[in-house]
């Protein structure tokens with residue numbers, strides 16, 4: 165009996181709650197949270213459990229990180245850029261316009277010190293954060309009319325997320341905030357001109373193809389958004405070391421899982437959308453270039469005022485050019501040839 | 165004292181041995197095995213340990229999987245295509261020419277049933293396998309002279325891996341097997357015309373740039389080689405369920421880690437190689453097209469004779485075209501624009 169108390173400590177029973185930013189309808193986002201909680205329960209023989217709550221069940225989707233900071237719950241599955249209004253540094257760890265693609269973010273996060281640097285920032289907010297999913301490049305949204313020039317953006321009533329909306333506003337876009345259920349009727353009536361969401365696998369459930377058929381790529385404001393698991397730093401550090409390690413590994417498995425689910429399902433969903441009438445378009449170089457310049461202007465302003473924005477963004481941009489140079493010389497050479505074979509119907 | 169024996173079972177002490185295919189000099193490959201063993205020890209509070217052995221310490225690098233099948237060790241860190249001589253199906257789970265890129269392999273493995281299907285095949289050999297790393301697109305090797313046409317390949321004495329060599333042989337290449345230390349002098353003397361290895365981060369340590377400066381991309385026979393952890397199926401299944409789960413999660417973290425390390429280090433290494441005199445070249449469309457046709461001829465022959473090759477390759481090719489169509493329409497649009505900005509020195 166002597167050793168029993170120590171042995172019993174090996175796998176203590178712990179239950180946490182995790183609030184998320186995602187409703188059940190965004191299956192890949194929502195289910196990656198479930199993937200984490202299942203993986204954690206399996207790895208600890210059911211001893212360390214995190215209860216999963218969809219957006220709105222405890223707090224609203226955009227308050228997920230706040231709920232952890234305020235001590236309401238121990239964990240959140242959310243996206244850093246939702247909190248950019250507090251400090252734009254929040255957004256850099258997830259995605260800002262013209263940042264890295266998935267391979268770049270993955271390299272920066274895990275081999276380039278990105279996870280650690282973002283955690284230095286998060287520590288100031290009482291949080292620990294680990295990447296918990298990626299969507300790959302998102303689509304640029306659904307439009308009632310074709311958008312060819314920067315002039316076409318002037319006055320465009322566009323339902324678009326916070327940080328991206330702030331950049332697009334400089335090009336004359338009028339960002340709109342509408343609750344989920346109001347979007348479709350607004351698009352139908354024309355009180356809204358366009359809406360962006362994520363990619364085909366999520367977008368097809370929303371039916372926008374019927375009222376705003378022009379479907380643009382790429383979503384240059386989301387080249388590879390990193391979704392995060394945020395935990396209370398105090399609660400995380402109080403865990404036994406091996407529970408910390410198990411949780412970190414489960415987050416990492418979940419991180420990779422989400423991308424796999426999107427990459428497997430997006431192609432099929434896009435083909436179905438085209439059959440339903442989606443008109444695929446790409447943003448013109450003129451629009452992309454103007455958006456790039458506007459983003460850089462804003463980043464320079466933000467870097468002056470926000471130390472952590474500057475630190476994180478400089479860490480990413482120090483790698484960005486060499487990453488795309490290498491991509492072009494090596495990985496792109498393979499993909500480009502495979503795409504050519506595909507165009508020739510040889511695949 | 166009543167409950168003690170059951171509690172003591174929670175985290176039993178287990179020690180395994182893992183032999184690998186990689187010498188210490190191929191840092192990213194070798195260290196990903198170490199990453200796994202460290203992650204596993206941390207996650208089990210040191211109770212479940214795997215001892216890591218570099219290539220040659222227990223068995224040779226190309227006998228790693230055999231050592232598990234024969235019961236010499238419990239685990240191997242290796243690449244499936246090393247064993248293609250037993251059955252070409254082994255290679256499909258890792259990489260064969262003109263297969264998927266990383267995003268495609270990741271989607272197929274984890275969301276498209278690839279891991280499960282490959283494990284059905286591996287079960288016949290007494291193994292369980294989980295992806296344990298990826299290099300991304302590899303380079304196509306170092307050449308003493310420029311290679312422009314299929315004629316230039318005729319009689320080319322090329323040190324190249326087994327499966328790829330078998331395909332290139334149809335184009336007139338004469339694949340060579342040379343031990344590591346013999347390659348450099350053979351290239352210098354001209355008894356060898358070319359050598360392929362992995363990518364810049366590994367290649368720069370070998371110094372081939374001095375004797376064979378033409379450095380070709382892409383390595384179309386390795387679009388995204390999946391490295392694997394293979395375990396004895398019997399031993400894996402005898403583990404407590406939560407140890408199985410922990411080990412699976414650790415493999416998955418290691419899988420993502422290797423890619424991050426390559427993607428972070430390859431760009432820097434390539435730039436150093438260029439400064440040392442590497443002449444970057446890309447294979448001509450003529451060579452790529454002839455290799456694609458030769459590969460398809462061989463795949464048709466293999467599919468007739470080898471049921472598992474057919475099953476695995478059909479599973480991949482059913483996804484391949486839609487994957488590249490989607491990549492071209494969405495992710496490529498982002499990367500292409502970023503590469504343009506980079507070319508204009510705006511990044």
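Residue numbers (this note's numbering), protein chains in the order written: chain F, 165 to 511; chain P, 165 to 511. Cβ coordinates follow ideal geometry from the N, Cα and C atoms, glycine included. Since the model is a prediction, treat every value here as computed from it, not as a measurement.
Let me know the secondary structure DSSP gives residue i once reduced to three states.
i              : result
residue 175(F) : coil
residue 510(P) : coil
residue 389(P) : coil
residue 339(P) : strand
residue 484(F) : helix
residue 211(F) : coil
residue 412(F) : helix
residue 372(P) : helix
residue 218(F) : coil
residue 292(P) : strand
residue 395(P) : strand
residue 183(P) : strand
residue 321(P) : strand
residue 331(P) : helix
residue 242(F) : strand
residue 248(P) : coil
residue 304(P) : coil
residue 202(F) : helix
residue 265(P) : coil
residue 363(P) : coil
residue 231(P) : helix
residue 287(F) : helix
residue 358(F) : strand
Using beta carbons (cut-off 8 Å, strictly below), is residue i in contact with chain P?
i              : result
residue 381(F) : yes
residue 387(F) : yes
residue 431(F) : yes
residue 489(F) : yes
residue 486(F) : yes
residue 446(F) : yes
residue 233(F) : no
residue 421(F) : yes
Under 8 Å, Cβ to Cβ, is there at least one residue of chain F near residue i?
i              : result
residue 451(P) : no
residue 511(P) : yes
residue 425(P) : yes
residue 282(P) : no
residue 456(P) : yes
residue 366(P) : no
residue 416(P) : yes
residue 313(P) : no
Distance check for residue j and residue i, CA to CA, integer angstroms please.
i              : j              : result
residue 376(P) : residue 460(F) : 42 Å
residue 170(F) : residue 430(P) : Residue placement at residue 170(F) is flagged as unreliable, the pLDDT there being 46, under the threshold of 50; a coordinate-derived value is accordingly withheld.
residue 480(F) : residue 264(F) : 8 Å
residue 178(F) : residue 353(F) : 51 Å
residue 344(P) : residue 216(P) : 22 Å
residue 197(F) : residue 220(P) : 42 Å
residue 203(P) : residue 421(P) : 11 Å
residue 328(F) : residue 338(F) : 12 Å
residue 189(P) : residue 355(P) : 25 Å
residue 307(P) : residue 374(F) : 55 Å
residue 372(P) : residue 445(P) : 15 Å
residue 447(P) : residue 366(P) : 21 Å
residue 243(P) : residue 182(P) : 14 Å
residue 234(P) : residue 207(F) : 29 Å
residue 283(P) : residue 262(P) : 22 Å
residue 168(P) : residue 402(P) : Because residue 168(P) sits at a pLDDT of 46, beneath the cut-off of 50, its placement in the model cannot be relied upon, and the point is left open.
residue 218(P) : residue 484(F) : 34 Å
residue 341(P) : residue 381(P) : 21 Å
Between residue i and the ligand SAH, is there a pair consisting of the residue's CB and a ligand heavy atom that are separated by less than 7 Å?
i              : result
residue 232(P) : Judged by which ligands are present, the structure shown has none, so any question about the ligand SAH falls away.
Applying a beta-carbon distance threshold of less than 8 Å, which residues of chain B neighbour residue i?
i              : result
residue 194(P) : The structure shown contains no chain B; its protein chains are F and P.
> Touch check for the stretch 350 to 368 of chain F and the stretch 314 to 325 of chain F: three-plus C-beta pairs under 8 Å?
Replying inline: yes
> On the three-pair Cβ rule with 8 Å, is the stretch 433 to 440 of chain P touching the stretch 221 to 229 of chain P?
Replying inline: no
> So, do the stretch 269 to 289 of chain F and the stretch 462 to 469 of chain F have three or more beta carbon pairs nearer to each other than 8 Å?
Replying inline: no
>> Quick test of the definition: if touching needs 3 or more C-beta pairs under 8 Å, does the stretch 191 to 209 of chain P touch the stretch 227 to 236 of chain P?
In response: no
>> Quick check for students: name the residue ranges of the beta strand (DSSP E) that lie wholly in the stretch 422 to 495 of chain P, counting only runs of 3 or more.
In response: 443 to 446
> So does the stretch 275 to 292 of chain F actually touch the stretch 323 to 337 of chain F, counting three or more Cβ pairs closer than 8 Å?
Replying inline: no
> If we count Cβ pairs, one from each stretch, closer than 8 Å, do we get three or more for the stretch 392 to 403 of chain F versus the stretch 493 to 507 of chain P?
Replying inline: no
>> With three or more beta-carbon pairs closer than 8 Å as the criterion, would you say the stretch 248 to 262 of chain F touches the stretch 406 to 422 of chain F?
In response: no
> Does the stretch 312 to 319 of chain F come close enough to the stretch 205 to 215 of chain F to have 3 or more Cβ pairs within less than 8 Å?
Replying inline: no
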